[in-house]
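Working notes for the structure below.
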Amino acid sequence: MAATLWDELRAAVRGDVHADAVSRALYATDASIYQIEPAGVVLPRDEQDIAAVLRLARRHRVAVLPRGGGTSLAGQTVGRAIQLDFSKYMHRLLEVHPDEGYAWVEPGIVLDELNAQLLSHGLKFAPDVSTSNRATLGGMIGNNSSGMYSLVYGKTSDHVLELRVMLSDGSITTLAPLDDQELRAKLTLDSLEGRAYRTIRRLAREHAGEVERRYPKLLRRVGGYNLDAFVDDGRPTTDDGPQTTDDASSSVVGGRWSVVGGQRPVVDQRFNLAKLIVGSEGTLAIVLAAKVRLVPRPKHTAIGIVAFESLEAALDAVVPCLECQPAGVELMDEI
């Protein structure tokens, strides 16, 4: 890696820039088995820092890899690239609107820290990953994380309402639900954003049948891009764009995921490219801020423990357990 890139980054970025051997070794691993030393690491302070990184990365033809808390098990946060770590500076809870049930957060905020700040409102961000004391919201968005209570709350994609993102050309836009008129306006844009809208709508139309056949109908499917969100949303698609529901603010909170009956609660069905960014592992855009849905904290909780003579017997009991509509079912094979 040419020294000039790092000299230019240090001159352009207000945050921290590290290209030394120790820093690269620290960021070469995550919770997976993989080890790939990055080109270097940048801890941006703000959007201007991120724009500078993208500009210089394009000039020097170096990849950029956003990183969350490094808790991934499949190597999503390692790679020969400039790693962006938001956890030091871009970790604020920007806005809370308890009556409307949403908040704006920066990508580096840790899940437990976010929920601690929401405690006084009696609210929380619902997906409950086991690494909640170090997993960041940006990483959860990239991974489309869920958790033990996904039976009730679904995945992160069910709780991301809007995303403020930076595209590869450095442009910034907000991805939000669009009605037909708003979508038509986006489709006419002579920009990377407009091209993204046109491409996704075209792909969703051209490959709707294949997506329908090949995408598994699983509650916790997080592999691949969420193209099924644009072809399997329960509404017809016309030449003028997708039709909208009357209740654009409907959410999963009022419903319940039913694995037994296959019933899915009503969600906002307007065209929303934020659905595509969730689960894309930072390959399509860099998340600058997220508008996330907040849900009430349960007033009462209880736990039941059942012992089985074998692992097979425990697995056989899962479906009968689901008929009782538990919030979660967890297997403990060794104590």
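Note that the sequence shown covers residues 1 to 335 in this note's numbering.
From the three backbone atoms N, C-alpha and C, an ideal C-beta is built for every residue, glycine too.
Note that the C-beta distance between residue 77 and residue 7 is not below 8 Å. In the three-state reduction of the DSSP assignment, residue 14 falls in the coil class. Secondary structure of residue 269 (DSSP, three-state): coil. In the three-state reduction of the DSSP assignment, residue 200 falls in the helix class, which pools H, G and I. In this chain, the beta strand (DSSP E) harbouring residue 83 covers 82-85. Rounded to whole angstroms, the gap between the alpha carbons of residue 4 and residue 296 is 51 Å. The straight-line gap separating the alpha-carbon atoms of residue 215 and residue 324 is approximately 28 Å. Remark: C-beta atoms of residue 105 and residue 274 do not approach each other more closely than 8 Å. Within the DSSP secondary-structure output, residue 104 pairs in a beta bridge with 95 and 291. When DSSP assignments are scanned along the stretch 143-168, the uninterrupted stretches of beta strand (DSSP E) that are 3 or more residues long and fall wholly within it turn out to be 160-166.
For residue 209, the enclosing alpha helix (DSSP H) covers residues 208-214. Of the other Cβ atoms in all chains shown, fewer than 16 fall within 10 Å of the Cβ of residue 331; this residue is therefore exposed. Per DSSP, reduced to three states, the secondary structure at residue 67 is strand. Straight through space, the alpha carbons of residue 301 and residue 38 are spaced by roughly 44 Å. With contacts defined as CB atoms closer than 8 Å, residue 167 and residue 193 qualify as a contacting pair.
Taking 8 Å as the upper bound for CB-CB distance, residue 328 and residue 148 are in contact here, some 4 Å apart. The Cβ-Cβ distance between residue 83 and residue 58 does not fall below 8 Å. If you check the CB distance, residue 270 and residue 178 come in under 8 Å. The alpha-carbon separation between residue 208 and residue 32 amounts to approximately 34 Å. Ranked by how close their Cα comes to the Cα of residue 199, the residues 15, 61, 47 and 276 have 276 in first place.
Closest by C-alpha distance to residue 286, out of 35, 36, 47 and 20, is 47.
Its Cα nearest to that of residue 95, the residue 117 stands out among 117, 212, 112 and 35. Remark: C-beta atoms of residue 87 and residue 108 approach each other more closely than 8 Å.
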